[in-house]
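Visitor: Quick one: the structure is below, and I'll ask about it shortly.
Protein chains in written order, with our numbering: chain A, 14 to 105; chain B, 14 to 105; chain C, 14 to 105; chain D, 14 to 105; chain E, 14 to 105; chain F, 14 to 105; chain G, 14 to 105; chain H, 14 to 105; chain I, 14 to 105; chain J, 14 to 105.
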């Protein structure tokens, strides 16, 4: 099943720059794993902030939560999740 | 360039049912044309309301506006448009 | 899969009272069918307005949309849908 | 009487990871007690964040407040409470 | 049990003035009945609009919904209901 | 004159527990004084959070501000104040 | 006592232009009466819409409501009222 | 003085198509006059809806209101106005 | 030109009380200077919080920004500014 | 392509004043570079807060994000980006 996931990251203002870089690199690596596995079907950055919108594939909301919670930035992000239905334009 | 377009339709409460059906059919036909032309790259219905979220391809916001305005339901909809940037997860 | 569905009804102010009664009766009958079928697992009224919150069971968001769209009041309602994950309290 | 309770947790960004784990474990244990006692009738996680939605049973709002305040995460959460009325679909 | 009820009335713009007067008079009469019966414990008008805030007494949310729905203006109002807990200041 | 006062408290996440207890006790003591003096006419807790709604009596908004500012938790709270008018239901 | 009153007017879209002109003229005349009487102490238009913000003088919120309700546009406006306290800058 | 003006148009759903075309043409003509006169310094359409954002020049807010009110669509629009200050980047 | 300025102050929760007192005293002194100079034409406190609403006089938004930025609490406040137009009630 | 960019800066309350001055100076210098390069076509300060609104030129949203992320204040700001379409008033 497909989900629309909008992720907004709020890093604490006093975060150490090295820790910030380490977190962002770990996040990117985990994101690439999820993309390679077909979980993150597509993803775009929203310009001007630490935020993205993606189409995720998961069996259900329980699996999806586990996948989002596996992101290294999980303690610093909020994900808005919407379940997606097929649209008749695409033959659904 | 890719755009994230969220469309919410508000049909007037007193709309004649036959006109409603005609409008929805015309909307679907135009949507399929835009999908076949590669303008609507992907689209999903948001369950429980007349609303959808799609990824659109257009040269710029001027062309995008013309394409959205070509929808038969344009007088009855609001489209929230966000310009999308490549995300490094996808190699951007 | 379980969904959290919050439905708010907005009947047009000039609606004929007989038509209003007919619509509400049809809505109740369809709701009871969905409850008997196990689609509406549980449902409560939010006091003071035409609104309810329910737990729905559907294979996915596409099926759920079809079920909500089958309600006689569908042209007059907005449904806010949230996909639900199991909570570890309940053994999930 | 039944209540609809939506709980959103905001842990402070600088929280020590061990304290975080201890708090989440204590919260889960207390939640299971309340579930076993019939206070938390049902509960689901909202995917993508530290949030849940539950149906709680309490004599009144005074008792309900005491039960929510007994959660170890109470200093870090906000609970949105709605009193629920029976819906005629369920024979009410 | 006590409830905090905030009622906002939206009369349709084209409402006939005589019908408007009749509705407001019927609303006032029904409100006085509820006040005399101890259901509306206290009520104040919010200045500058057709709105009020009141403290209502009802066995539970189901009874409360029936009482609010008995108001002649029910088709034209939205009631925001909050269940109230005793505050320790008042000895609770 | 009567005022509707909704108070929401946000204690800083890192507050020392002993200081937290001391502040809440001082707040309760001051609240009881204001209640005994007839300033806080009635007050209820909103379940699930550090928040309350009350009916306050003060000569005017200037006096009311001084009374709210006398609360020990004043640096940590926001009060939403609404001036109340008599409602014709209560003979006004 | 002083009140801060923000008034937003929403004329129905289908309003007859002559009736619109008549209403606006009556509103202006009544506003000038209230200004001459010292009720509307000061008032400014918010540019770009039918809206204004004013400082009103009234004994209390009950009197204020009556004064606002005396405006010919009362059925088509919403007034947001805030009770004002003296500020120490002005010697209060 | 420069103002930031965001205009959102809401045409009534039942508007006659010929009247709609006439209004939009008159609006465009008036807009071109204001652009030629230097009042509308720059203006862009927000894609996907009847809305625009512009930089306007006017002596003050009183003159600005008169200019916006001269638009044929004024009864059907809301303009959000923000006064602009020079930014030091541009030498201000 | 007149501006409507609503100022909300958010002092950091951990602020040293002596520093808090010093800042508030400096703010009051600067406010009195601006009032004596005719910049702050009138100002009221909004009861129940550190907030005020005032009518300011400045040549334009650039000058106004400089005046607001001269407040000692500027790092801790947000000012909502609205340009004011004359209202025909006051002869404008 | 043109973008409408609204930037709001939130400096952490405990920021060292010297670091604050250094950051603001670096931000101004980088802003002037972007202005000289034609990236920031025009920009204005919103009075009363650390915020601005600007018209930016970039090939697409990906390039725009890189440009905004090059600002020294990027960790402390949120940018709201809107893609702009030509308006027929300007001959588009």
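For each residue, glycine too, the CB sits at the ideal point set by N, CA and C.
Using the C-alpha atoms, what's the distance from residue 66(E) back to residue 45(H)?
Guide: Against the eighth chain, residue 45(H) aligns to sequence position 32. Against the fifth chain, residue 66(E) aligns to sequence position 53. Approximately 49 Å, taken between the alpha carbons.
Visitor: Given this structure, state the Cα-to-Cα distance separating residue 86(G) from residue 63(E), to the nearest angstrom.
Guide: Translated into positions along the seventh chain, residue 86(G) becomes position 73. Translated into positions along the fifth chain, residue 63(E) becomes position 50. C-alpha separation (whole angstroms): 13 Å.
Visitor: Shortest alpha-carbon distance to residue 77(B) belongs to which of 37(B), 102(B), 60(B), 51(B)?
Guide: Locating residue 77(B) in the second chain gives position 64, where the first residue counts as 1. The shortest C-alpha separation from residue 77(B) is found at 51(B).
Visitor: Looking at the structure shown, is residue 106(C) part of a helix, part of a strand, or coil, going by DSSP?
Guide: What the structure shows of chain C is the stretch from 14 to 105, and residue 106(C) is not part of that stretch, so it cannot be assessed.
Visitor: Which residue comes first and which comes last in the beta strand (DSSP E) that contains residue 67(D)?
Guide: Here the question's residue 67(D) lines up with position 54 in the fourth chain. Looking at the DSSP string, the run of the beta strand (DSSP E) that includes residue 67(D) is 64 to 70.
Visitor: Am I right that residue 59(D) and residue 53(D) are in contact with their C-beta atoms under 8 Å? What's the rounded C-beta distance?
Guide: As a working note, residue 59(D) is residue 46 in the fourth chain. As a working note, residue 53(D) is residue 40 in the fourth chain. Their Cβ separation, rounded to whole angstroms, is 15 Å, which puts residue 59(D) and residue 53(D) out of contact at 8 Å.
Visitor: By the 10 Å Cβ neighbour count, where 16 or more other Cβ atoms means buried, how is residue 33(G) classified, buried or exposed?
Guide: On the seventh chain, residue 33(G) is found 20 positions in, with the first residue counted as 1. With fewer than 16 Cβ atoms within 10 Å of its Cβ, residue 33(G) is classed as exposed.
Visitor: For residue 71(A), which residues of its own chain have a beta-carbon under 8 Å away from its beta-carbon, when the five flanking residues on both sides are left out?
Guide: As a position in the first chain, residue 71(A) is number 58, starting the count at 1. 14, 16, 52, 77, 80, listed in sequence order.
Visitor: Counting only C-beta atoms, is residue 27(H) closer than 9 Å to chain B at any point?
Guide: Taking the eighth chain and counting its residues from 1, the one referred to as residue 27(H) is at position 14. Chain B, which has a Cβ nearer than 9 Å to the Cβ of residue 27(H), makes this yes.
Visitor: Taking the CB atoms as reference points, tell me whether residue 43(C) and residue 97(C) lie closer together than 9 Å.
Guide: Walking along the third chain from the start, residue 43(C) turns up at place 30. Walking along the third chain from the start, residue 97(C) turns up at place 84. No, the Cβ-Cβ distance between residue 43(C) and residue 97(C) is not below 9 Å.
Visitor: When you compare only the Cα positions, how much space is there between residue 28(C) and residue 25(E)?
Guide: The residue labelled residue 28(C) in the question sits at position 15 within the third chain. The residue labelled residue 25(E) in the question sits at position 12 within the fifth chain. Their backbone Cα atoms lie some 11 Å apart in a straight line.
Visitor: Return the CA-CA distance between residue 37(A) and residue 30(J), expressed in angstroms with no decimal places.
Guide: As a position in the first chain, residue 37(A) is number 24, starting the count at 1. As a position in the tenth chain, residue 30(J) is number 17, starting the count at 1. Those two C-alpha atoms are separated by around 28 Å.
Visitor: Output needed for residue 90(H): all residues of its chain with C-beta closer than 6 Å, excluding positions within five of it in sequence on either side, in chain order.
Guide: As a position in the eighth chain, residue 90(H) is number 77, starting the count at 1. Excluding residues within five positions, the ones whose Cβ falls inside 6 Å are 20, 22.
Visitor: Just tell me which of 95(I), 40(I), 18(I) has its CA closest to the CA of residue 74(H).
Guide: For the purposes of this step, residue 74(H) is taken as residue 61 along the eighth chain, with counting starting at 1. Out of 95(I), 40(I), 18(I), 95(I) has the C-alpha closest to the C-alpha of residue 74(H).
Visitor: How would you call residue 61(B), buried or exposed, if buried means at least 16 neighbouring beta carbons within 10 angstroms?
Guide: Counting from 1 along the second chain, the entry for residue 61(B) is found at position 48. The residue in question, residue 61(B), is buried, as its Cβ has 16 or more Cβ neighbours within 10 Å.
Visitor: At least one CB of chain C closer than 9 Å to the CB of residue 60(B): is that the case?
Guide: Counting from one through the second chain, the residue named residue 60(B) turns up at place 47. With 9 Å as the cut-off, residue 60(B) counts as an interface residue toward chain C.
Visitor: Please list, in chain order, the chain H residues whose beta carbon lies closer than 7 Å to that of residue 9(J).
Guide: Absent from the structure is residue 9(J), since the part of chain J shown begins at 14 and ends at 105.
Visitor: Answer with buried or exposed for residue 39(I), where buried requires no fewer than 16 other C-beta atoms within 10 angstroms of its C-beta.
Guide: Locating residue 39(I) in the ninth chain gives position 26, where the first residue counts as 1. Classification of residue 39(I): exposed, given that the 10 Å Cβ count is below 16.
Visitor: Residue 21(I) CB to nearest chain H CB: under 9 Å?
Guide: Along the ninth chain, read from residue 1 onward, the residue named residue 21(I) stands at position 8. Taking Cβ atoms only, chain H never reaches closer than 9 Å to residue 21(I), which makes this a no.
Visitor: For residue 92(H), count neighbouring Cβ atoms within 10 angstroms of its own Cβ and tell me buried if that reaches 16, exposed if not.
Guide: Residue 92(H) sits at position 79 when you count from the first residue of the eighth chain. By the neighbour-count rule (16 or more Cβ atoms within 10 Å), residue 92(H) is buried.
Visitor: Please tell me whether residue 103(B) and residue 102(A) are closer than 9 Å, where the distance is taken between their beta carbons.
Guide: Numbered from its first residue, the second chain carries residue 103(B) at position 90. Numbered from its first residue, the first chain carries residue 102(A) at position 89. No, the pair does not count as a contact, with Cβ atoms beyond the cut-off.
Visitor: Taking 9 Å as the CB-CB cut-off, is residue 52(J) touching chain B?
Guide: Counting from 1 along the tenth chain, the entry for residue 52(J) is found at position 39. It does not; no Cβ of chain B falls within 9 Å.
Visitor: Could you check whether the Cβ of residue 78(H) sits closer than 9 Å to any Cβ belonging to chain I?
Guide: Locating residue 78(H) in the eighth chain gives position 65, where the first residue counts as 1. Taking Cβ atoms only, chain I reaches closer than 9 Å to residue 78(H), which makes this a yes.
Visitor: In the DSSP output, which residue or residues are listed as bridge partners for residue 90(E)?
Guide: Within the fifth chain, the letter at position 77 stands for residue 90(E). The partner list for residue 90(E) (beta bridge, DSSP) reads 22(E).
Visitor: Just curious, the alpha helix (DSSP H) that residue 34(D) is in, first and last residue?
Guide: Locating residue 34(D) in the fourth chain gives position 21, where the first residue counts as 1. Looking at the DSSP string, the run of the alpha helix (DSSP H) that includes residue 34(D) is 30 to 49.
Visitor: In whole angstroms, give me the CA-to-CA distance for residue 68(E) and residue 49(E).
Guide: Taking the first residue of the fifth chain as 1, we reach residue 68(E) at position 55. Taking the first residue of the fifth chain as 1, we reach residue 49(E) at position 36. Going by the C-alpha atoms only, they are around 14 Å apart.
Visitor: How far does the beta strand (DSSP E) with residue 53(E) in it extend, from its first residue to its last?
Guide: What you label residue 53(E) is simply residue 40 of the fifth chain in a count that begins at 1. 53 to 58 is the extent of the beta strand (DSSP E) around residue 53(E).
Visitor: Using a C-beta to C-beta distance shorter than 7 Å, which residues of chain G count as neighbours of residue 18(H)?
Guide: Here residue 18(H) is taken as the residue at index 5 of the eighth chain, counted from 1. Chain G residues near residue 18(H): 61.
Visitor: Skipping 5 residues on each side, what residues in its chain have a beta carbon closer than 6 Å to that of residue 18(D)?
Guide: Here residue 18(D) is taken as the residue at index 5 of the fourth chain, counted from 1. Correct list, in chain order: 67, 69, 92, 94.
Visitor: Using a Cβ-Cβ distance cut-off of 9 Å, determine whether residue 94(D) contacts chain C.
Guide: By one-based count along the fourth chain, residue 94(D) stands at place 81. With 9 Å as the cut-off, residue 94(D) does not count as an interface residue toward chain C.
Visitor: Mind pulling the chain E residues with CB within less than 9 Å of residue 35(F)?
Guide: Walking along the sixth chain from the start, residue 35(F) turns up at place 22. Going along chain E, no residue has its Cβ under 9 Å from residue 35(F), so there is no contact; the nearest lies around 16 Å.
Visitor: Could you confirm whether any beta carbon from chain A is found closer than 9 Å to the beta carbon of residue 84(D)?
Guide: Residue numbering aside, residue 84(D) sits at position 71 when the fourth chain is read from its first letter. False, the Cβ-Cβ gap to chain A never drops below 9 Å.
Visitor: Per the DSSP calculation, residue 95(F) is bridged to which residue(s)?
Guide: The sequence position of residue 95(F) within the sixth chain is 82, counting from 1. According to DSSP, which records beta bridges pairwise, residue 95(F) is partnered with 17(F).
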